[in-house]
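Engineer: This is the structure, below, for whatever I ask next.
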Amino acid sequence: MTHNTQEPLGEKNNEMHAVFSFPFAVLAITVGIVGWAATKKTARANDHRHQTSTAPPELEYLKVVNKAAPPQDPQLLFLLMGAFANANRPEEGAEFFSACLEEFGPHLTDVQQSLYLSAIGLLRAQHASAVSLLHRIGYVNDTIAMLDQARKLSGGQVFVVNWISGVVRSQLPGLFHQKQAALEDLKWCVASIGKAPHTGWLREVEFRLAKLALADGDRRKAQDHLRQSGYKSFDNPVTLNTPFSLDTFSGYAFAPSTIREVVPARVYALSGFEFTDYYFVVSDDGRELIGIDAGTCADSAKLAYEALRAYAPNLPQLTTIFVTHSHWDHIGGHRYFRGLTPKPRFYARSNYHEEIERELNAPETVGKRFFGERFNLNDVRNFKPDATVDCPTELKIGGTRIELIPIHGGETHDAMFIHLPELGVLFAGDFIMPYIGAPFVNEGDFEGLLDAMDVVVQKNPRYILHGHEPLTRNFSSAELLAQLKGNLSWLRDAVLTAVRRGDTRPMIHQANLIPPGLFDGRPDALVPYLILREHVIDRLYRKSTGYWQAGTSLEGLDHLSDSDRAELLVDYLGLSQKQLVTAACKIAADGKYELAASLLDPSAARFGRTESISKAERLVYLKLMEKYQNTDPFKYILYSTKISEQTPAMTTSR
Ligand SMILES: [Zn+2]
89 MTHNTQEPLG EKNNEMHAVF SFPFAVLAIT VGIVGWAATK KTARANDHRH QTSTAPPELE
149 YLKVVNKAAP PQDPQLLFLL MGAFANANRP EEGAEFFSAC LEEFGPHLTD VQQSLYLSAI
209 GLLRAQHASA VSLLHRIGYV NDTIAMLDQA RKLSGGQVFV VNWISGVVRS QLPGLFHQKQ
269 AALEDLKWCV ASIGKAPHTG WLREVEFRLA KLALADGDRR KAQDHLRQSG YKSFDNPVTL
329 NTPFSLDTFS GYAFAPSTIR EVVPARVYAL SGFEFTDYYF VVSDDGRELI GIDAGTCADS
389 AKLAYEALRA YAPNLPQLTT IFVTHSHWDH IGGHRYFRGL TPKPRFYARS NYHEEIEREL
449 NAPETVGKRF FGERFNLNDV RNFKPDATVD CPTELKIGGT RIELIPIHGG ETHDAMFIHL
509 PELGVLFAGD FIMPYIGAPF VNEGDFEGLL DAMDVVVQKN PRYILHGHEP LTRNFSSAEL
569 LAQLKGNLSW LRDAVLTAVR RGDTRPMIHQ ANLIPPGLFD GRPDALVPYL ILREHVIDRL
629 YRKSTGYWQA GTSLEGLDHL SDSDRAELLV DYLGLSQKQL VTAACKIAAD GKYELAASLL
689 DPSAARFGRT ESISKAERLV YLKLMEKYQN TDPFKYILYS TKISEQTPAM TTSR
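Quick note: to get my numbering, add 88 to the position in the sequence shown (first position is 1).
As structure tokens, this is what we get:
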């Protein structure tokens with residue numbers, strides 16, 4: 089466990105600090121440098137890419153963002169680099185960033201230049217195997233020179249620059265003599281993990297150290313590093329530096345476990361102990377502890393609560409728990425707290441049981457996939473608050489004034505803000521998420537979201553503390569929410585206009601809808617808008633069209649299954665299993681993983697999960713995990729569970 093290890097990157101240098109001073113900026117990188125020899129095939133596959141095929145909307149969005157101006161938040165630069173790398177478009181990516189560097193260069197600080205050079209260097213390294221043999225050595229030497237230059241400009245202390253340098257150099261063939269430099273960079277990253285946004289950045293570092301040791305013939309050392317990386321095998325086609333972790337038993341976590349004092353000795357935030365964050369507040373008179381939400385399961389609640397008690401042994405008794413909304417992950421741990429002496433009093437909205445009923449009617453597999461084997465739906469079914477709230481309510485606990493404010497969206501209709509005006513803290517639950525309601529449940533209220541945003545803006549709290557760490561990080565201020573509300577209203581109008589016109593859902597996504605003025609507004613709205621856009625479109629589309637799309641497309645009218653599609657492919661088109669798998673791998677090499685997956689499902693329906701189909705599935709879903717590792721946690725979970733892949737949490741306890 090780490091306590092507040094996050095430091096601004098490169099604090100010693102003012103320029104560097106300016107670049108990284110964006111609050112909670114998480115540099116997100118998906119790299120996937122394809123091995124030197126293994127990419128010949130990939131390069132060939134790329135030659136066949138149809139120029140007419142559409143680029144993923146998130147890639148197009150990030151291109152527009154990065155073209156508009158050098159991003160204040162370097163996360164946006166590295167998200168785009170990762171998108172190019174994952175889509176296997178490294179040449180296009182290297183050219184894109186080179187053009188940006190040329191255009192913005194004169195106005196950039198040294199550190200900003202070093203970030204561009206690092207991104208270009210990484211994408212060039214990925215592209216190197218497609219360069220003709222005659223030019224390849226020169227091309228790689230130029231790339232190494234860029235990494236050297238980046239290190240020089242950054243003063244050697246910027247984590248992401250050294251990380252890219254180490255990761256790229258470690259994969260170069262011996263003739264370039266970069267092994268020693270790679271080892272130095274990678275070891276620096278291990279020693280300086282406190283300068284990284286989170287410990288997830290260690291995963292690839294350990295994996296690269298493992299591969300270097302393996303190449304040296306030191307199997308023991310290689311195994312040790314591999315174990316530290318959390319990967320199961322030396323054969324790994326993706327780069328994961330996600331803060332997410334996923335484990336069959338304990339489920340998913342958004343962040344490494346931390347205890348943070350939001351208001352020193354008064355408000356404690358516990359992240360990463362499980363799926364959901366816990367908060368505890370010490371009352372004004374110091375005699376009562378007030379909890380916000382009860383977590384997912386009794387044993388994770390125990391783990392989190394005991395960690396808090398160990399961290400701050402003199403806290404008063406827990407007397408009250410406020411429930412922000414009655415979702416699985418906010419009430420499932422109530423049994424543990426009920427067992428404490430004295431028993432804390434639970435407050436929830438009066439319509440909590442309607443929400444629980446909705447959850448009990450959702451597919452049962454969801455619970456264990458998201459929350460792990462230990463999750464028990466009965467703990468949700470049995471939840472019953474001691475007091476319910478159906479209108480704005482003010483009360484005092486231990487001298488602390490608390491406002492309970494019912495809201496009706498965007499996620500659930502039983503949501504409630506818990507506002508402590510004197511402390512400047514608002515506990516917001518999950519009213520705003522990337523998703524408008526859980527995507528696999530018939531819920532979500534877009535207008536309710538906009539109304540709730542108004543409430544936050546009106547209360548204007550100093551701290552908005554959400555149910556999950558990435559929400560707290562991304563939706564961090566009332567000013568931001570005020571702007572985002574305008575952006576989302578524009579998006580709603582654009583989607584509804586498109587629906588009336590008869591546009592299909594893919595057409596709406598491909599339109600790359602960007603509100604006018606987005607780039608002139610707050611720079612911290614750019615990532616939130618990106619992560620919400622896809623899901624706002626999907627929820628509004630579904631709610632506006634019903635289960636038939638009677639516009640341009642007739643989607644929803646038929647009920648063709650994977651077996652029907654297999655019939656088409658195998659019986660009518662005469663394709664063999666081998667041909668189907670080969671095609672899926674070719675599609676994957678062009679970076680179109682959803683399309684590849686759509687071919688593998690019918691293949692498995694006809695031939696079963698044979699060795700070759702399973703192998704192709706593993707590759708495709710790993711790449712999908714890589715693609716969404718920083719922007720879409722629920723996709724990350726579902727793609728992981730599809731291939732039973734776990735992502736162990738990284739530790740720094742070396
Ligand atoms: Zn939640």
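All C-beta atoms, glycine included, are put in the ideal place defined by N, C-alpha and C.
Any heavy atom of ligand 1 closer than 8 Å to the CB of threonine 364?
Structural biologist: Indeed, a heavy atom of ligand 1 lies less than 8 Å from the Cβ.
Engineer: Considering only residues of the segment 548-579, which uninterrupted beta strand (DSSP E) runs meet the minimum length of 3 residues and lie entirely inside it, listed in chain order?
Structural biologist: Listed in chain order, they are 551-554.
Engineer: Can you pull the DSSP bridge partners for leucine 358?
Structural biologist: Answer is Ile347 and Tyr366.
Engineer: Nearest CA to the CA of tyrosine 523: which residue from His623, Thr197, Phe459 and Tyr435?
Structural biologist: Here the closest residue by C-alpha is His623.
Engineer: Given this structure, state the Cα-to-Cα distance separating asparagine 102 from serine 206, to the nearest angstrom.
Structural biologist: Note that asparagine 102 has pLDDT 33, beneath the 50 cutoff, so the model's placement of it is unreliable and no number is given.
Engineer: Could you tell me if the beta carbon of aspartate 743 falls within a distance shorter than 8 Å of some heavy atom in ligand 1?
Structural biologist: There is no way to answer for residue 743, as the model of the chain reaches only from 89 to 742.
Engineer: Quick one: using the 10 Å Cβ neighbour count with 16 as the cut-off for buried, is lysine 666 buried or exposed?
Structural biologist: By the neighbour-count rule (16 or more Cβ atoms within 10 Å), lysine 666 is not buried but exposed.
Engineer: So, are the CB atoms of arginine 291 and asparagine 229 less than 9 Å apart?
Structural biologist: No, Cβ-Cβ distance for arginine 291 and asparagine 229 is not below 9 Å.
Engineer: Is any non-hydrogen atom of ligand 1 found closer than 8 Å to the C-beta of glycine 555, if you look at the structure I gave you?
Structural biologist: Yes; taking the cut-off as 8 Å, the Cβ of glycine 555 has a heavy atom of ligand 1 nearer than that.
Engineer: At what residue ranges does the segment 259-316 contain a whole run of the alpha helix (DSSP H), taking only runs of 4 or more?
Structural biologist: The qualifying runs are 267-279 and 290-303.
Engineer: Near valine 256, what residues of its chain come up, given a Cβ to Cβ distance below 7 Å and the 5 sequence neighbours on each side ignored?
Structural biologist: Excluding residues within five positions, the ones whose Cβ falls inside 7 Å are Ile121, Gly209, Leu210, Ala213 and Leu235.
Engineer: Note down, in chain order, each residue of its chain lying with its Cβ closer than 8 Å to the Cβ of arginine 354, except the 5 sequence neighbours on either side.
Structural biologist: Closer than 8 Å at Cβ, skipping near neighbours: Val369, Val370 and Leu511.
Engineer: Do you know offhand how far leucine 314's Cα is from serine 728's?
Structural biologist: Taking the straight line from one Cα to the other gives about 19 Å.
Engineer: Can you tell me the Cα-Cα spacing of phenylalanine 247 and arginine 296, whole angstroms?
Structural biologist: One C-alpha to the other measures close to 16 Å.
Engineer: Would you check if the segment 663-681 and the segment 700-719 touch, i.e. whether three or more CB-CB distances between them fall below 8 Å?
Structural biologist: In short, these stretches touch, since the Cβ pair count reaches three.
Engineer: Express the C-alpha separation of proline 285 and glycine 243 in angstroms, rounding to a whole number.
Structural biologist: So the alpha carbons of these two residues sit roughly 18 Å apart.
Engineer: Just to confirm, is the Cβ distance from leucine 514 to isoleucine 552 under 9 Å?
Structural biologist: Contact flag set, yes.
Engineer: Bridge partners of serine 751, per DSSP?
Structural biologist: Outside the shown range of the chain, which is 89 to 742, sits residue 751, and nothing can be said about it.
Engineer: According to DSSP, simplified to helix, strand and coil, what is serine 728?
Structural biologist: Helix at serine 728.
Engineer: Helix, strand or coil: how does DSSP classify tyrosine 435 here?
Structural biologist: Tyrosine 435: strand per DSSP, three-state reduction.
Engineer: Closer than 6 Å by C-beta to aspartate 417: which residues in its own chain qualify, once you throw out the five before and the five after it? Chain order, please.
Structural biologist: Phe363, Thr364 and Thr384.
Engineer: Where isoleucine 596 and histidine 501 are concerned, what is the direct C-alpha to C-alpha distance, given to the nearest angstrom?
Structural biologist: C-alpha separation (whole angstroms): 27 Å.
Engineer: Does ligand 1 have even one heavy atom less than 8 Å from the beta-carbon of glycine 517?
Structural biologist: Flag set: Cβ of glycine 517 near ligand 1.
Engineer: Counting C-beta neighbours from all protein chains within 10 Å, is the total for phenylalanine 322 16 or more, i.e. buried, or is it exposed?
Structural biologist: Per the 10 Å Cβ criterion, exposed.
Engineer: Identify whether threonine 476 lies in helix, strand or coil by the three-state DSSP scheme.
Structural biologist: It is a strand residue.
Engineer: Just the C-alpha distance for alanine 398 and glycine 460, rounded to the nearest angstrom, thanks.
Structural biologist: In a straight line, the C-alpha of alanine 398 is about 25 Å away from that of glycine 460.
Engineer: Please work out which residues of its chain come closer than 6 Å, Cβ to Cβ, to tyrosine 440, disregarding the five sequence neighbours upstream and downstream, and give them in chain order.
Structural biologist: Ser414 and Asp502.
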